[in-house]
Amino acid sequence: WWAWKNTDGGGVLIQKMSACRDERHAVLATLWYNIVHNALRVWPWALVALASIVLVPTSSLPLTPGGKPDHEAAYPMLFALLPAGLKGLVIASFFAAFMSTVNTMANWGASYVVNDVYRRFLVRGREDRHYVRISRLATVLIMAGTVVSAYFTDSIGDAFTYVLQFTAGIGVVYLVRWFWWRVNAWSEIAAMAASIPAIFASSWVARKLGLAVTEYSSLYKLLFMVVATAVVWVPVTFLTKPADRERLKEFYRRVRPPAWGWGPIRREIGAEGAEKMGPILLLWIIGVVFIYAATFGIGQLLVGSRALGAAMCAVAAAALAVILRKVRDLPAPQSE
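Using my numbering, read the sequence shown as starting at 521 and increasing by one per residue.
Right, here's the structure in full:
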């Protein structure tokens, strides 16, 4: 979890938290998101996957260009088992989900290209109509690149693994920036830039060392990406200026990060009562126990041991009670 681009939740989750009324609501909303996203949503997928193993045997699956059974084809093949009315509904929902994702990613990507690059650094001060035309062009180019990538991709799973490996280095930066005041924008840029040669170097290093491809190879590549990018972004952090001092002070006042990584800023503003790392780690462990116990407890209730499932759900309930007690102790919001 600490070696990918959403290690701290990502910009989308942070925007949702920022839209909440106060810190207490933000924590509760994020907690609810984790329950639904991890403990509940995964099991309809898992049940369909388990059903596909029984209803669509491996011998019935088409082969990939590499000659292996294409297990990703099992899901659409299940459509043939549905009655006519339900089949149409499922196919419509499938395309609706697909188009909503494509639409979101295309607009999101065009927004990055135009607002964060083109409008900011290349062409400034033009009328809005000009930037709208550029955003449309960016959308077309992004979709063209997507089509080309899809053509050369044999497996969705392999593509997802590649994205995880490519963003492993920046994930550590996103995590460390909450605990160390020296991390700045150049740290993130350096990690992103270093990921490009590092992802190619990982395969070269594996060949030179004669490492056989195993089920753990992708994990080893993640670790390699983390180390290789850290060799770049850590020195860059020390060689570049930190973020604006006043912005750092405001961040410390609002977020109250642990003092050990924010000593200079804490001393400058004379802050008292900083968060200690021990309670934060303990609460994090309790949160992990809650999510895992709830996820696998529900799974045991559905397809495993009812007794074990009930016990795991009880553990999840106890962990949730501790978390809610901590949420209740959060400071009340202050009026602006």
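Note that the Cβ used here is the ideal one computed from N, Cα and C, for glycine as well.
Task: Contact the region 833–847 vs the region 542–561: 3+ CB pairs below 8 angstroms - done: yes
Task: Contact belief for Gly689 with Val746 at Cβ below 8 angstroms, rounded distance in angstroms - done: 6 angstroms
Open item on the list: Does Gln685 pass the burial test, meaning 16 or more other C-beta atoms within 10 Å, or should it be called exposed?
Closed with: buried
Open item on the list: DSSP three-state label for Pro577, please.
Closed with: Pro577 falls in the coil class under three-state DSSP.
TODO: With a 10 Å radius around its C-beta and 16 neighbouring C-beta atoms as the bar for buried, classify Val652 as buried or exposed.
DONE: Classification for Val652: exposed.
Task: Cα-Cα separation, Leu606 to Ala571 - done: 17 angstroms
Open item on the list: One question on the structure: do Glu592 and Ile654 come within less than 8 angstroms of each other, judged by their Cβ atoms?
Closed with: no
Open item on the list: Going residue by residue through the region 578–655, where are the continuous beta strand (DSSP E) segments of at least 3 residues, counting only ones entirely within it?
Closed with: none
- [ ] Using a threshold of 8 angstroms, state whether the C-beta atoms of Ala594 and Leu581 are closer than that.
- [x] yes
Task: Cβ neighbour criterion (16 or more within 10 Å) applied to Ala559 - done: buried
Open item on the list: Does the structure place the region 699–706 close enough to the region 744–761 that three or more beta carbon pairs sit under 8 angstroms?
Closed with: Contact between the region 744–761 and the region 699–706 is present: three or more C-beta pairs spanning the two stretches fall below 8 angstroms.
Open item on the list: Please report the distance separating the alpha-carbon of Gly783 from that of Phe699.
Closed with: Their Cα atoms are separated by approximately 10 angstroms.
Open item on the list: Report the start-end ranges of each alpha helix (DSSP H) in the region 801–856 that is 4 residues or longer and not cut off at the edges.
Closed with: Fully enclosed alpha helix (DSSP H) runs of 4 or longer: 826–848.
Task: Distance between Val696 and Phe720 (C-alpha atoms, nearest Å) - done: The C-alpha of Val696 is placed about 25 angstroms away from the C-alpha of Phe720.
TODO: Count the other C-beta atoms from every protein chain shown that fall within 10 angstroms of the C-beta of Trp524, then say buried if there are 16 or more, exposed otherwise.
DONE: buried
Open item on the list: Taking a contact to mean a Cβ-Cβ separation below 8 angstroms, would you say Val809 touches Val775 in this structure?
Closed with: no
Open item on the list: Taking the straight line between their C-alpha atoms, what separation do you get for Ala617 and Val751?
Closed with: 40 angstroms
TODO: Measure the beta-carbon distance from Tyr694 to Thr527 and round it to whole angstroms, keeping in mind my assumption that it falls under 8 angstroms.
DONE: 5 angstroms
Task: Residues near Asp674 in its chain [Cβ-Cβ closer than 8 angstroms; skip 5 each side] - done: Thr584, Pro585, Gly586
Open item on the list: Suppose the cutoff is 7 angstroms on Cβ atoms and the five residues either side in sequence are ignored; what does the same chain contact list for Gly691 look like?
Closed with: Excluding positions up to five away in sequence, the list reads Trp522, Ala523, Trp524, Lys525, Thr527.
Open item on the list: Within 10 Å of its beta-carbon, does Leu768 have 16 or more other beta-carbons around it, so buried, or fewer, so exposed?
Closed with: It counts as buried.
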